[in-house]
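Structure record follows, encoded as structure tokens.
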Amino acid sequence: MQTQSVDTLAAVAAVDLVKVYGSGDTAVRALDGVTVGFARAQFTAIMGPSGSGKSTLMHCLAGLDTATSGQALLGGTDLTKQSDKVLTKVRRERIGFVFQAFNLLPQLTAAQNIMLPLELSGRRPDPHLYGHLTESLGITARLDHRPGELSGGQQQRVAIARALMSRPEVVFADEPTGNLDSRSGAEVLLFLRNSVRELGQTIVMVTHDPSAAAYADRVVLLADGRVAGELDRPDITSVSDALQSLAVAR
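The sequence shown begins at -16 in our numbering and counts up one residue at a time.
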């Protein structure tokens, strides 16, 4: 049982969150009573060994997976109590996503991919934000190109612009640099960090890479489906040491 308390002003939080896959002798307890909050306008990385529950935690907090028990709170909304229809609306209007595989629609141009979530929700785009994002991400000259005509780094920048255009309460990034070379990955991480400073964006990122986590303001460590600690103002050394300690403890 977790004993941590959660800041009621957190952008997103888990309260005694449990996720069990399967049943009986084959049941897997992916999350074992996780309680943790993620502050507004902060870049937080979730890390842990393979099978620690980090991706499951993100999926439950983003309304992509259902919890077995406990609460997944987005602001004042408990996602565990919402219908599929409401969750679809929440994901479209209040959450942004950046995935390792980019998840762009191949038949649409970069500009159309960026605008798609707003079109689906019937909201008007902010032209100033659009200009800021596309210029800051260095994709202005590529907006008429389809994903197949873009490099991996460019596709991920388009995905980030898409995630931020709706001004979501939180952006979840799942291994966002996993398919990128080191230079492109560093550029993506720097932009995510700057979006927190310049736009007040809340970022929650799952990663296995200590160098990626070093861009975050805070690292939450998971092991065996439980919170195993956290690091403030992490660097590569402190993250690597913490992961090594978790590996030894297992």
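Backbone N, C-alpha and C fix where the C-beta goes; we use that ideal spot for every residue, glycine too.
Item: Distance between K72 and P100 (C-alpha atoms, nearest Å); Value: 11 angstroms
Item: Top-ranked residue by Cα proximity to P151, from P193, E158, V179; Value: V179
Item: Buried/exposed call for L(-8), threshold 16 Cβ in 10 Å; Value: exposed
Item: Other residues of its chain near L57: CB distance less than 8 angstroms, five sequence neighbours each side excluded; Value: A(-6), V(-5), L44, G46, V73, R77, I78, E152, V153
Item: Euclidean distance between Cα positions of A195 and V187; Value: 12 angstroms
Item: Distance between beta carbons of F155 and M41, contact taken as under 8 angstroms; Value: 6 angstroms
Item: Spatial distance of N86 from A142 (CA atoms); Value: 8 angstroms
Item: For L163 and E118, the rounded distance between their alpha carbons; Value: 20 angstroms
Item: Distance CB(L205)-CB(S35) smaller than 8 angstroms; Value: yes
Item: Pair within 8 angstroms by beta-carbon distance, G131 and P159; Value: no
Item: Sheet register partners of T27 (DSSP bridge); Value: V187, R201
Item: Collapsed DSSP secondary structure at F85 in the structure displayed; Value: coil
Item: Supposed contact pair V189 and D157 - C-beta distance, whole angstroms, cut 8 angstroms; Value: 5 angstroms
Item: Beta-bridge partners of I78, as assigned by DSSP; Value: V153
Item: C-beta atoms of A144 and L172 nearer than 8 angstroms; Value: no
Item: For L173, three-class secondary structure by DSSP; Value: helix
Item: Sequence-distant residues of the same chain with beta carbon closer than 6 angstroms to D48, five excluded per side; Value: H42
Item: Backbone secondary structure at L14 - three-state DSSP; Value: strand
Item: Three-way DSSP call (helix, strand, coil) for G58 in this model; Value: coil
Item: DSSP beta-bridge partners of K2; Value: L14
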